[in-house]
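Notes follow the structure.
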Amino acid sequence: MDNTAQILKHYLNDDGKINCLDAFKLARELNIEPKEIAELTKKYSLKIDNCELGVFGNKDFGEKRDDIYEKLSLKANDKKQVECSISWEIAKEFSLNKVGSTTKKSDIEVIYCQLGCFRTRIHHGSKS
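When you read off a place in the sequence shown, starting at 1, and then add 5, the result is the number in our numbering.
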């Protein structure tokens, strides 16, 4: 097993996938850009799991917050899409989980994953 494979194995969750936040840590450990992670995990037949913004995975989220929705909406394009990196910037004020809860339970769509997992998505889960 090569060194990269050993490092990847260290980051696997109970489902044999790498959680979103851990993928950012992995990028730092491997000294690569986060956007290169999706290609790397694909090479090793691994998947990224539990997107912090609710695009994919089974992460639990709280309720939508109107104040966060308003900030996201101001940064969104005319299709109500907001880039992952912008959502993370807004999360510095509120928290990733609260921003994720709001995107998961609203009409806001997250685009351009910083890890390279997706450019755009049609749906990202239930909109309660």
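Glycine is no exception: its CB is placed at the ideal position from the N, C-alpha and C atoms.
Check: Quick one: is LYS84 buried, meaning 16 or more other Cβ sit within 10 Å of its Cβ, or exposed?
Finding: Indexing the sequence shown from 1 puts residue 84 at position 79. By the 10 Å Cβ count, LYS84 comes out exposed.
Notebook entry, point to check: Where are the alpha helix (DSSP H) runs, 4 residues long or more, that stay fully inside the segment 20-65, in chain order?
Noted result: 25-35, 42-48
Notebook entry, point to check: In terms of residue numbering, what span does the alpha helix (DSSP H) encompassing GLU98 cover?
Noted result: In the sequence shown, counting from the first residue as 1, residue 98 sits at position 93. 89-99 is the extent of the alpha helix (DSSP H) around GLU98.
Notebook entry, point to check: How do the segment 87-96 and the segment 23-40 stand: do at least 3 beta-carbon pairs fall below 8 Å, yes or no?
Noted result: no
Next item on the list: Locate the alpha helix (DSSP H) running through ILE73, then write down its first and last residues.
Entry: What you label residue 73 is simply residue 68 of the sequence shown in a count that begins at 1. Element bounds for ILE73: 71-80.
Notebook entry, point to check: Once you ignore the five residues that flank SER80 on each side, which residues in its own chain have a CB closer than 6 Å to its CB?
Noted result: Along the sequence shown, read from residue 1 onward, the residue named residue 80 stands at position 75. In the sequence on display, residue 80 carries Lys and not Ser. So the list reads VAL87, ILE91, once near-sequence residues are dropped.
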